[in-house]
Amino acid sequence: MKTWIAFWNILKKDIQNYYLKPPNISWGIIFPLSWTLMQLIRTTGSVNISDIKQLLPGLMGMSVLFGTTSMLAVTITFERRGRSFDRLLLAPISLSTLVIAKLSGAILFGLFNAFVPVIFAAFFIDLSGINWGAVFLAVFFIAVTSTLLGLMIAVSAKEIFEAQTFSNFFRFPMLFLCGLFLPINSLPIFLRPLSYLLPLTYGTDLLNRTIIGTSMLSPMLNVIVLLVFSIVLFKYCQYNIRKKWIL
Amino acid sequence: MNNKNIVTVTNLSKLYGEFVAVNDISFSIRKGEIYGFLGPNGAGKTTTINMMIGLARPTGGVININGVDAVKNVKKAQSIIGIVPDESNLYDEMDGFDNLCFCGALYGMRKAVREKRARELLEQFDLAKVGKRPFKAYSKGMRRKLTIAAGIIHQPEILFLDEPTTGIDVESARQIRQLLITLKQSGTTVFITTHYIEDAERICDRIAFIVGGNIVAVGTIQELMESVSHGHTIELVTDSNLELYSDELQTLFSGCTVKMGTDHTVSIVSREAIPLLPVLQYLNDKGITVFEAKEVRPSLEDVFVKITGIEAEKLRKEREKGGAVK
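Which chain is which? The protein sequence lines are A and Z, in order. Here the first sequence stands for residues 906 to 1152, where the numbers follow the working numbering. Here the second sequence stands for residues 226 to 551, where the numbers follow the working numbering.
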């Protein structure tokens, strides 16, 4: 019970202090919206409505990736700098509980980001027939693995600008490598192995399957790989926090 | 205060590469006492406290807090201690009341309980009027008081404070010292690190001097003073120049050393306690009026300087600059 009280209050504090702040809400809405429009307005300059469904998995994946990685990396680095993170490390709760509580806020923010393009798309196209349970599962795994990547960055960064720089170092190549807007098969052959080393590839594939109906891998394989990525990244982050933050 | 040890530290050490921050120190803290760690910056005070509270891993040694091995079972030890770091580390965006409630929640306190306790603490720390003000709008003294309140919201048995009065105004420092004494009176054991000799002297029951990662002396103020002062000194302030009586006084009080001071003062130094009446009688017979007679004891600063070899002036300058003693 005591652990739950601590967990819930860390999550609530993060949501109130960071995620529900106007700049983040506007980021969560404007960023996916502007990318949606940018992708839709092709060289002809006109909006091609029929493309929306094809673009939806990529836009959702990208929104989650950018929302989660930047938020968690920045908020943790911010708390580390102000030393308020020490207060959490000194609380009588396990490191796992603390890490999961911090991740949860970013994951929820990621889920919110993911469904902005969906709500936008719902005004233009028919989204019935989509298995929303599977969509949620895919988005959830993308949010978890992206948040953990953000945490990995936060553990290494000392300053907020460092966290942002490291985030971009990961995120922008992932836009092209993970099949968000370009099929992996269209990438040069020497780049393809890199794609399969990134968790977002499997999350996007799962989303493609549930929304468009095409995928490279079986849904079960995608889920298993994402689960393995989540566990490995979580353990790695936990190990790094112990090593780097408890000197 | 009783003689039961609530904290025992044995052969504690911390190395950063080849640098020895804490060198095989051992000490114990009695239940209900205020125990002070006094030393210059870089002496190993914060490293020691960080190891005790679980923010740093010891290279070697054992820390036992109320029967809990604080090295192996950090989280259990953290549940029975309160921590006040050297810098206020509450949340700037949150108000004082919410900060306290959040800290209570970290210790698993239920909403109604932590809110009641937060209100009590705001009253006790004279912060009730600013309880709804964002923490970032607090003055330094208020920030420090709220940080202490956050450290005791869960009513810990032992409170660790790192430099509690550094960088705050005189009045806030006085209030904090009084709060620590009140906490002690309510049965809380307090461990503080400080480089303010005056703080240690005013509130600590026992003090350890730490220099270069080593504890060089431990004891009550009385014990520390006795360890450097091998005898008694009486200083008399009179209305006359006593140079004329110097030899006579020396003969009369054989076994004592008589030193003439400026402004009609005389000091009599002896290994044994000096009976005052014969001295006063002698001076009275000579028609000399004695305005003041007092036993002169070394200050804690004198003791610190003698034991550590660090000049008090350096310590004072360091305090002003926030730099380290060289």
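All residues carry an ideal CB built from backbone N, CA and C; glycine is no exception.
Check: Straight-line gap, A:F1081 to A:L1087 (C-alpha atoms, nearest Å); Outcome: 6 Å
Check: A:M1079, enclosing alpha helix (DSSP H) - first and last residue; Outcome: 1065-1082
Check: 9 Å Cβ cutoff, Z:D320 in contact with chain A; Outcome: no
Check: For Z:D424, the nearest candidate out of Z:S492, Z:N228, Z:S397 (CA to CA); Outcome: Z:S397
Check: Chain-order list of residues whose beta-carbon lies under 8 Å from that of Z:N314 (same chain, five-residue window excluded); Outcome: T372
Check: Sequence-distant residues of its chain with Cβ nearer than 6 Å to A:Y1107 (five each side left out); Outcome: N1127, V1130, L1131
Check: Buried or exposed by the 16-neighbour rule on C-beta atoms within 10 Å, applied to A:K1148; Outcome: exposed
Check: Three or more C-beta pairs below 8 Å linking the segment 915-926 of chain A and the segment 1003-1014 of chain A; Outcome: yes
Check: Contact the segment 433-445 of chain Z vs the segment 485-501 of chain Z: 3+ CB pairs below 8 Å; Outcome: no
Check: Burial state of A:I930, where buried means 16 or more other Cβ atoms lie within 10 Å; Outcome: exposed
Check: Unbroken stretches of the beta strand (DSSP E), 3 residues or longer, contained in the segment 426-512 of chain Z; Outcome: 431-436, 439-444, 457-463, 482-485, 490-495
Check: Min CB distance Z:E312 to chain A below 9 Å; Outcome: yes
Check: Within 9 Å, strictly: CB atoms of Z:T413 and Z:E382; Outcome: yes
Check: Outcome for Z:H390 when other beta-carbon atoms lying within 10 angstroms are tallied against a minimum of 16; Outcome: Before going further, note that residue 390 of chain Z is Thr rather than His in the sequence given. By the neighbour-count rule (16 or more Cβ atoms within 10 Å), Z:T390 is buried.
Check: Under the three-state DSSP convention, the category Z:T235 falls into; Outcome: strand
Check: Z:Q511 versus Z:L404, Z:P503, Z:E388, residue with shortest Cα-Cα distance; Outcome: Gln is not the amino acid found at residue 511 of chain Z; the sequence shown has Lys there. When each option's Cα is compared against that of Z:K511, the closest is Z:P503.
Check: Minimum C-alpha distance to Z:V443 - residue among Z:D464, Z:I459, Z:N230, Z:S253; Outcome: Z:S253
Check: Cutoff 9 Å: A:A996 Cβ touching any chain Z Cβ; Outcome: yes
Check: Other residues of its chain near A:L1122: CB distance less than 6 Å, five sequence neighbours each side excluded; Outcome: D1110
Check: Cβ contact (3+ pairs, closer than 8 Å) linking the segment 352-369 of chain Z and the segment 1027-1040 of chain A; Outcome: no
Check: Proximity winner among A:I998, A:L1054, A:W1037, A:L1099, relative to A:A1011 (alpha-carbon distances); Outcome: A:L1054
Check: Exposure label - A:N1113; buried when at least 16 CB within 10 Å; Outcome: buried
Check: Within chain A, the residues that Z:F327 reaches when beta carbons sit closer than 8 Å; Outcome: N914, K918
Check: Proximal residues of chain A, C-beta to C-beta of Z:S304 below 8 Å; Outcome: P997
Check: Neighbourhood of A:I934 by C-beta, 6 Å cutoff - its chain only, sequence neighbours within 5 removed; Outcome: V1021
Check: Length of the line joining the Cα atoms of Z:I535 and Z:I288; Outcome: 29 Å
Check: Where the alpha helix (DSSP H) through Z:T414 begins and ends; Outcome: That residue, Z:T414, is in no alpha helix (DSSP H); its beta strand (DSSP E) goes 414-419.
Check: Start-end ranges of the alpha helix (DSSP H) lying completely within the segment 911-952 of chain A, minimum 4 residues; Outcome: 927-945
Check: Residues, ordered as in the chain, of the segment 275-305 of chain Z that lie near chain A by beta-carbon distance below 9 Å; Outcome: N275, I278, G279, L280, A281, R282, V299, K300, K301, A302, Q303, S304, I305
Check: Integer-rounded CB distance, given that Z:G329 should sit under 8 Å from Z:I378; Outcome: 4 Å
Check: Assumed close pair Z:G558, Z:G438 - CB separation to whole angstroms, cut-off 8 Å; Outcome: Since the displayed chain Z opens at 226 and closes at 551, residue 558 of chain Z lies outside it and no answer follows.
Check: Residues near Z:C429 in its chain [Cβ-Cβ closer than 6 Å; skip 5 each side]; Outcome: I259, G261
Check: Counted within 10 angstroms of its Cβ, other Cβ atoms place A:F1071 as buried (16 or more) or exposed; Outcome: buried
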